[in-house]
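The numbers in full-length UniProt numbering rise by one with no breaks, and the one at position 203 of the sequence shown is 203.
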Amino acid sequence: MLHPLDAVEAAERAYRENRAPLAAVEGFIRQILGWREYMWHLYWHFGPEYPANNQLSARTTLPSWWADLDADAVTARCLRDALEGVRDRGWTHHIQRLMVLGSHALQRGYRPDQLTEWFATAYVDGFRWVMPTNVIGMSQHADGGLLATKPYTSAGAYINKMSDHCGDCDFDPKKRLGEDACPFTAGYWAFTHRHRNLLARNHRTRRAVSSMDRLGDLEAVIEQESARDRF
Ligand code: SF4
């Protein structure tokens with residue numbers, strides 16, 4: 001077992017002795033000290049009731065294709081690639097965790113308790129102490145903002161910028177309406193509409209609500225998303 005401070009100090013030494021670049025050492029130390037340790041202490045600080053939080057009243061049961069890691073049933077390239085990663089390696093990059101899998105679950109209102117259990121059992125690093133704060137707090141905002149200052153989700157444009165999936169996808173990240181409407185783009189507006197009061201009160205998300213109010217086709221998008229069964 002390594003003490004986190006030993007790992008941090010070893011990385012710092014490597015930088016000072018010119019054996020590792022600053023950007024890599026900074027990223028490593030930030031992840032160990034600024035995130036892993038933060039999660040560890042919050043786990044003890046929040047206590048055993050924390051995983052039961054569901055402040056956004058998310059009640060959708062995890063679909064079977066998600067629970068069974070049936071990536072082949074998924075059309076959306078970004079989502080499919082992330083599920084394949086979990087199925088084949090029990091691991092995905094943290095952007096895929098937060099901004100693909102987590103964002104999808106948040107937009108579709110998946111139950112945070114089921115989602116936490118899924119992350120804890122499907123991932124090779126899904127330790128019991130690490131997933132509640134990451135999933136309930138960071139990813140699903142189910143604690144009402146105890147851990148993070150806003151819900152993290154995005155439309156397809158963000159995924160398009162951060163990955164190379166959209167070019168090969170049957171959906172179009174710029175479209176919110178129609179057969180090829182991106183489920184993340186349309187889902188983003190459906191989520192914003194569902195939680196407009198909460199988002200309008202938060203200065204970090206207020207602008208999303210005003211942008212939504214300017215959409216001429218919002219009602220049609222919401223109707224479309226409430227019936228969506230293809231992702
Ligand atoms: S178009 Fe939408 S669903 Fe397809 S890869 Fe891009 S973000 Fe994902």
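Every residue gets a Cβ at the ideal spot worked out from N, C-alpha and C, and that includes glycine.
Self-check item: Cα-Cα separation between T116 and R108, rounded to whole angstroms
Solution: If you number the sequence shown from 1, residue 116 lands on position 116. If you number the sequence shown from 1, residue 108 lands on position 108. About 15 Å.
Quiz item: If you measure from each residue's Cβ to the nearest non-hydrogen atom of ligand 1, which ones come out under 5 Å, in chain order?
Solution: A76, R77, C78, G156, I159, H165, C166, C169, F171, P173, C182, F184
Exercise. Please go through the same chain and pick out, in chain order, the residues whose beta-carbon is closer than 8 Å to the beta-carbon of T75, but skip the five residues on each side of it.
Key: In the sequence shown, counting from the first residue as 1, residue 75 sits at position 75. Excluding positions up to five away in sequence, the list reads C169, D170, F171, R230, F231.
Practice problem: Note down, in chain order, each residue of its chain lying with its Cβ closer than 7 Å to the Cβ of E9, except the 5 sequence neighbours on either side. | Solution: Along the sequence shown, one-based indexing puts residue 9 at 9. So the list is empty, once near-sequence residues are dropped.
Quiz item: If we ignore side chains and look at the alpha-carbon of each, how far apart do A7 and T61 end up?
Solution: As a working mapping, residue 7 is identified with position 7 in the sequence shown. As a working mapping, residue 61 is identified with position 61 in the sequence shown. Those two C-alpha atoms are separated by around 40 Å.
Quiz item: How is D217 classed by DSSP in three states: helix, strand or coil?
Solution: Here residue 217 refers to the residue found at position 217 of the sequence shown. If DSSP states are grouped into helix, strand and coil, D217 belongs with coil.
Quiz item: DSSP three-state call for A58: helix, strand or coil?
Solution: In the sequence shown, residue 58 corresponds to position 58, counting from 1. In the structure shown, A58 sits in coil (DSSP, three-state: anything other than H, G, I, E or B).
Quiz prompt | Simplified DSSP assignment, three categories, for Y110 | solution = Indexing the sequence shown from 1 puts residue 110 at position 110. Y110: strand per DSSP, three-state reduction.
Quiz item: Where do the N-terminal and C-terminal ends of the alpha helix (DSSP H) with W66 fall, by residue?
Solution: Mapped onto the sequence shown, residue 66 falls at position 66. Looking at the DSSP string, the run of the alpha helix (DSSP H) that includes W66 is 64–67.
Quiz item: Are there 16 or more other CB atoms within 10 angstroms of the CB of W44, so buried, or fewer, so exposed?
Solution: What you label residue 44 is simply residue 44 of the sequence shown in a count that begins at 1. Answer is exposed; the Cβ neighbour count stays below 16.
Quiz item: Where does A148 fall in DSSP's three states?
Solution: For the purposes of this step, residue 148 is identified with residue 148 of the sequence shown, where counting begins at 1. Three-state DSSP puts A148 in coil, outside helix and strand.
Quiz item: Counting pairs of beta carbons, one from the segment 123–141 and one from the segment 171–185, are three or more of them closer than 8 Å?
Solution: no
Quiz item: Under 8 Å, do A148 and P112 count as touching if we go by C-beta distance?
Solution: If you number the sequence shown from 1, residue 148 lands on position 148. If you number the sequence shown from 1, residue 112 lands on position 112. Taking 8 Å as the Cβ cut-off, A148 and P112 do not qualify as a contacting pair.
Quiz item: Since Y50 is in the alpha helix (DSSP H), which residue starts that stretch and which ends it?
Solution: Position 50 of the sequence shown holds residue 50. Counting along the chain, Y50 falls outside any alpha helix (DSSP H), and DSSP gives it neither H nor E.
Practice problem: Take the Cβ of P51 as the centre, count every other Cβ of all protein chains shown within 10 Å, and call the residue buried at 16 or more, exposed below. | Solution: Translated into positions along the sequence shown, residue 51 becomes position 51. Per the 10 Å Cβ criterion, buried.
Quiz prompt | Among V221, R194, L198, the one whose alpha carbon lies nearest that of G145 | solution = Numbered from its first residue, the sequence shown carries residue 145 at position 145. The residue with the shortest Cα to Cα distance from G145 is L198.
Quiz item: Cβ atoms of M131 and Y152: under 8 Å apart, would you say?
Solution: Position 152 of the sequence shown, counted from the start, is the residue given in the question as residue 152. Position 131 of the sequence shown, counted from the start, is the residue given in the question as residue 131. Cβ distance not < 8 Å, so Y152 and M131 don't count as in contact.
Quiz prompt | N-terminal and C-terminal residue of the alpha helix (DSSP H) that N160 is part of | solution = Against the sequence shown, residue 160 aligns to sequence position 160. Note, N160: alpha helix (DSSP H), 156–162.
Quiz item: Using DSSP with H/G/I as helix, E/B as strand and the rest coil, what is A76?
Solution: Along the sequence shown, one-based indexing puts residue 76 at 76. Of the three classes helix, strand and coil, the one that applies to A76 here is coil, per DSSP.
Exercise. Give me the Cβ distance between A122 and V100, rounded to the nearest whole Å; I'm assuming they're in contact under 8 Å.
Key: The residue labelled residue 122 in the question sits at position 122 within the sequence shown. The residue labelled residue 100 in the question sits at position 100 within the sequence shown. The pair is not a contact, with the Cβ atoms about 14 Å apart (cut-off 8 Å).
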